[in-house]
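Notes for the one structure printed next.
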Amino acid sequence: SFKAASGGTGGAAGGAPAMPLASPLMGGLNKKKKPFLGMSAPLGYVPGLGRGATGFTTRSDIGPARDANDPVDDRHAPPGKRTVGDQMKKNDDDDEDLNDTNYDEFNGYAGSLFSSGPYEKDDEEADAIYAALDKRMDERRKERRELREKEEIEKYRMERPKIQQQFSDLKRKLAEVTEDEWLSIPEVGDARNKRQRNPRHEKLTPVPDSFFAKHLQTGENHTSVDPLQGQFGGLATSFPGGLNTPYPGGMTPEAGELDMRKIGQARNTLMDMRLSQVSDSVSGQTVVDPKGYLTDLNSMIPTHGGDISDIKKARLLLKSVRETNPHHPPAWIASARLEEVTGKLQVARNLIMKGTEMCPKSEDVWLEAARLQPGDTAKAVVAQAVRHLPQSVRIYISAAELETDIRAKKRVLRKALENVSKSVRLWKIAVELEEPEDARIMLSRAVECCPTSVELWLALARLETYENARRVLNKARENIPTDRHIWITAAKLEEANGNTQMVEKIIDRAITSLRANGVEINREQWVQDAEECDKAGSVATCQAVIRAVIGIGIEEEDCKHTWMEDADSCVAHGALECARAIYAHALQVFPSKKSVWLRAAYFEKNHGTRESLEALLQRAVAHCPKAEVLWLMGAKSKWLAGDVPAARSILALAFQANPNSEEIWLAAVKLESENNEYERARRLLAKARSSAPTARVFMKSVRLEWVLGNIDAAQELCTEALRHYEDFPKLWMMRGQIEEQSENIDKAREAYNQGVRLWALEKMPYYNLKMQNLILLESVRLEYRAGLKNISNTLMAKALQECPNSGILWAEAVFLEARPQRKTKSVDALKKCEHDPHVLLAVAKLFWSERKVTKAREWFLRTVKIEPDLGDAWAFFYKFELQHGTEEQQREVKKRCENAEPRHGELWCAESKHVLNWQKNIGEILVLVASKIKNTF
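Here it is in structure tokens:
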């Protein structure tokens, strides 16, 4: 029973579920047993915590401690699970975040909902099927994807080139480096010493004061020998024991003096400054006003860029100058300006005021003092200056400028004129402030005080009435008989009042009077005066001046050349009436010169009206009836004005003066054909073929029938023309085009071959270089169209070696390059062909492609100015303005193109020579060519 009780007790203590036996002894024991014995401890329970004990955990409780980088026990763990940290991270990631914030209505949760589930065999099979489908679909799009990736890579390389490509133009210059220069390049290496390569932190140790006191005399230099040293051999001292010095205590004299007390005071001062700076921000508050502090800082910034030592030297030097010569005004001015530049304005003011005391008669010193002083003080300074210098004009003007009120200014100037009545400058400033009536009164007084001032006389004449102005100008001529402006103003006055017949007389009298008074007539000055009259609207005066002086100082054989240059100069300056007067005078002197009439006609065409042009041409054909171009210009002017009968009558008169003239025949034919009078044109051409048969007449006859659709008649005329003019290549070319249109390919080929053979025999010696350029260009384009870019680049390089000055080849070479290299190639092209229109056009297109609109417009203008006959340049220019210009700019380009009448250009001729476009004018062809230009460059 005891065993059972013991076993039961042990079982109870061990937490066994056995029930205790009912015995008196067990009953006594159960009364002493605590109810919590055998139960597990609550969570977070630490034994003895109430008595002040501390809980702890041993390694046996949680296992051995490991670092995150320690390897795991599994030697064959996968790559992502080989460290303790990886496994802990993996366990953290396994918990899926299924919060609503990670849920999207379209995509669901951000992660996979089943990533934490088991990966079974059916999952593996599904993944394999999906992978096979992806691989199959990827193979179907592989070629397209690779082609697209290749294009994207090429595009990326064009937009963002490698550094090697960007520096290709610089690497090209390495060819110019000689062997000696190459060998002289230093090798790359680290030339620093060990301390520089391995810098160490510099340690600073405070030096005690005793160190300074001990080593103060170590730097002392002795220049004589102590007699005691010579007496005792330099080793024995005259004072035994070495301590009984005749200078007790600190009274020993030293070579250098070191005041330790001052050093300590300096340290205390520096510490106080630092503490004051720190105390400004204690407890988040500051005792400095930020705005005022910044303002003070700005006022302290010096406006000079020199060194402080230089300023000190300059200040010392100027002080020496002032003390040496105190009555030298520039010294005081320079000193004041030095202080002003360094920011010490008050010092500058004090210096300059001292200067006014030392140099009271210096005008510059007073003006500088007035400039440096503030407003009211400056007025006081100027008043003091006037007392010392009552005749100074500059001081009076400075006093007037200091006044802000107009009445105060007038009062100052009138006071000045009382003291200095002979000053033209003061009179002019005073008159400018007055009203017209008061100004007239003042000017009448001014010309009395200053009778030799032309400006005052002319100003008074402008304010007076006509009669009074005439009297004023007559008085001015009496007082100033040598000035030409008075005579020109008198002529302008008469013209303004309608007395144009007096203008010529006044100018002639002016020339005579000035010569009588010994004045040399300067032709250039008078022409400039005429241009000013033209710009002022005094046309009669301008023409009278030109007629009076145009022939002065010119040799007879140089007249024509000089006058044409003068006319061009006047046109460039905008003085059109001057140029017209020069042409009129030249035509009076040279009435039979065709070139002068032609220059005058072009001037009227560009700057005059249609009526003035026709009047001039009518006079021109009367004096030069054999000049066909003058007749044609007159007829064209009438035709463009819509007066076709008048144009026919002019051409009829031209026939009478120039019978059997090819140009006049063809002009008459063009006039009739352009006005849809085809029968008249046929009769004129038939008459021309019988009376003046030429190759061009036959060619125009064939073309007329061809464009009108009469193919059989065109072929017959072409055959007849070839019997007479077999060596005219254009007839063979037209024959081939007609046969090609009729689908007779063999006959067309035969005609082309014959034309090429004849052209080579006739014009190849003259067009050898041009033909070579075109052949080389076409060979490059052929390879490029076939997609062989490398071969086309090689051919272009060879072509540029054979023809280095070919502008059309350089223009093509610019756009054969990749986009990053085009700029470099364009620079090379400009060096070789600076004034070639094709190169200039290529540069303009290059700027256009880079969206540099302003530069592109400048280069287009330069191109059409150098070669206005190049139709391609006008077409590209017009296309550019359509994209980037305004309507006004587009109209301006179109108008200039119509005036230039271009005839050449690869794209231009393709449209202008087309049979369907034979009746289109220049403007329509321009629009047509521009519409076919694509921005592929």
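Note that the UniProt record's numbering numbers the sequence shown so that position 660 is 660, with each residue one more than the last. Glycine included, each C-beta is placed from N, C-alpha and C at the ideal position.
Count the other CB atoms, across all protein chains shown, that sit within 10 Å of the CB of residue i; report buried if there are 16 or more and exposed otherwise.
{"i": "Gly27", "result": "Residue confidence for Gly27 is low, a pLDDT of 44 falling below 50, so the modelled location carries little weight and cannot support an answer."}
{"i": "Tyr130", "result": "exposed"}
{"i": "Asn606", "result": "exposed"}
{"i": "Glu495", "result": "buried"}
{"i": "Gly871", "result": "buried"}
{"i": "Trp182", "result": "exposed"}
{"i": "Asp836", "result": "buried"}
{"i": "Ser649", "result": "exposed"}
{"i": "Ser691", "result": "exposed"}
{"i": "Ser210", "result": "exposed"}
{"i": "Ser595", "result": "exposed"}
{"i": "Ser931", "result": "exposed"}
{"i": "Val447", "result": "buried"}
{"i": "Gly905", "result": "buried"}
{"i": "Val412", "result": "buried"}
{"i": "Ser23", "result": "No answer about Ser23 holds up, because its pLDDT of 41 lies below 50 and its placement is not dependable."}
{"i": "Phe698", "result": "buried"}
{"i": "Tyr878", "result": "buried"}
{"i": "Ile185", "result": "exposed"}
Do residue i and residue j have their CB atoms nearer than 7 Å?
{"i": "Ala647", "j": "Ala657", "result": "no"}
{"i": "Val707", "j": "Trp859", "result": "no"}
{"i": "Asp566", "j": "Ile554", "result": "no"}
{"i": "Ala575", "j": "Asp529", "result": "no"}
{"i": "Glu604", "j": "Ser612", "result": "yes"}
{"i": "Ala620", "j": "Trp597", "result": "yes"}
{"i": "Ser398", "j": "Leu367", "result": "yes"}
{"i": "Glu464", "j": "Val472", "result": "yes"}
{"i": "residue 940", "j": "Ser423", "result": "Here the chain covers residues 1 to 937 and nothing more, so residue 940 does not appear."}
{"i": "Arg387", "j": "Leu372", "result": "no"}
{"i": "Val702", "j": "Met734", "result": "yes"}
{"i": "Pro390", "j": "Asn419", "result": "yes"}
{"i": "Pro804", "j": "Lys832", "result": "yes"}
{"i": "Ala385", "j": "Ile395", "result": "yes"}
{"i": "Val365", "j": "Thr356", "result": "yes"}
{"i": "Val549", "j": "Trp563", "result": "no"}
{"i": "Glu531", "j": "His573", "result": "yes"}
{"i": "Leu617", "j": "Leu630", "result": "yes"}
{"i": "Arg523", "j": "Ile488", "result": "no"}
{"i": "Val431", "j": "Leu443", "result": "yes"}
{"i": "Ala686", "j": "Trp665", "result": "no"}
{"i": "Gln165", "j": "Pro729", "result": "no"}
{"i": "Ile791", "j": "Glu783", "result": "yes"}
{"i": "Pro330", "j": "Cys359", "result": "no"}
Under 8 Å by Cβ, that's how I've got residue i and residue j pegged, so tell me the actual separation to the nearest angstrom.
{"i": "Asn773", "j": "Ser806", "result": "5 Å"}
{"i": "Trp864", "j": "Ala842", "result": "At residue 864 the sequence reads Val, which differs from the Trp that was named. Not really, about 14 Å apart at Cβ, beyond 8 Å."}
{"i": "Trp732", "j": "Ala751", "result": "5 Å"}
{"i": "Phe876", "j": "Lys852", "result": "Going by Cβ atoms, the distance from Phe876 to Lys852 rounds to 15 Å, so no, they are not a contact pair."}
{"i": "Val893", "j": "Glu881", "result": "5 Å"}
{"i": "Cys559", "j": "Val589", "result": "7 Å"}
{"i": "Trp332", "j": "Leu317", "result": "Actually they do not touch by this definition, with Cβ atoms about 14 Å apart."}
{"i": "Asp869", "j": "Arg903", "result": "6 Å"}
{"i": "Arg680", "j": "Ser637", "result": "About 20 Å separates the two Cβ atoms, so there is no contact after all."}
{"i": "Leu684", "j": "Ala668", "result": "5 Å"}
{"i": "Leu338", "j": "Arg315", "result": "6 Å"}
{"i": "Ile866", "j": "Leu830", "result": "In fact, because the Cβ distance is near 13 Å, the residues do not count as touching under 8 Å."}
{"i": "Ser673", "j": "Ile711", "result": "No, Ser673 and Ile711 are not in contact; Cβ-Cβ is about 18 Å, not under 8 Å."}
Between the segment 503 to 510 and the segment 538 to 545, do three or more beta carbon pairs fall short of 8 Å? Because the criterion of three Cβ pairs below 8 Å is met, the segment 503 to 510 and the segment 538 to 545 touch.
Which ranges does the beta strand (DSSP E) cover as unbroken runs of at least 3 residues, wholly within the segment 305 to 334, from first to last along the chain? DSSP runs (the beta strand (DSSP E)) wholly in the segment 305 to 334: none.
Three-pair Cβ contact test at 8 Å for the segment 882 to 893 versus the segment 901 to 913: Short answer: they don't touch.
State whether the segment 450 to 465 contacts the segment 475 to 490, with contact taken as three or more CB pairs (one from each stretch) at a distance under 8 Å. With a cut-off of 8 Å, the segment 475 to 490 and the segment 450 to 465 count as touching, because enough Cβ pairs lie within range.
Sufficient close CB pairs (3 or more, under 8 Å) joining the segment 137 to 156 to the segment 792 to 811: Because the criterion of three Cβ pairs below 8 Å is not met, the segment 137 to 156 and the segment 792 to 811 do not touch.
What are the uninterrupted segments assigned as alpha helix (DSSP H) that are 4 or more residues long and contained completely in the segment 566 to 597, given in chain order? DSSP assignment within the segment 566 to 597 yields the following whole alpha helix (DSSP H) runs of 4 residues or more, N-terminal first: 576 to 589.
In chain order, which continuous runs of the alpha helix (DSSP H) of length 4 or greater are located wholly inside the segment 725 to 757? Uninterrupted alpha helix (DSSP H) stretches at least 4 residues long and entirely within the segment 725 to 757 occur at 729 to 741, given in chain order.
Go through the segment 404 to 478 residue by residue and report every complete run of the alpha helix (DSSP H) that reaches 4 residues or more, in order. Taking 4 residues as the shortest admissible run, the segment 404 to 478 contains the following complete alpha helix (DSSP H) segments, listed from N- to C-terminal end: 406 to 419, 424 to 432, 436 to 449, 454 to 463.
What runs of the alpha helix (DSSP H), each 4 residues or longer, lie entirely inside the segment 852 to 930? For the segment 852 to 930, whole alpha helix (DSSP H) runs of length 4 or above, ordered along the chain, are 853 to 866, 871 to 884, 887 to 900, 906 to 912.
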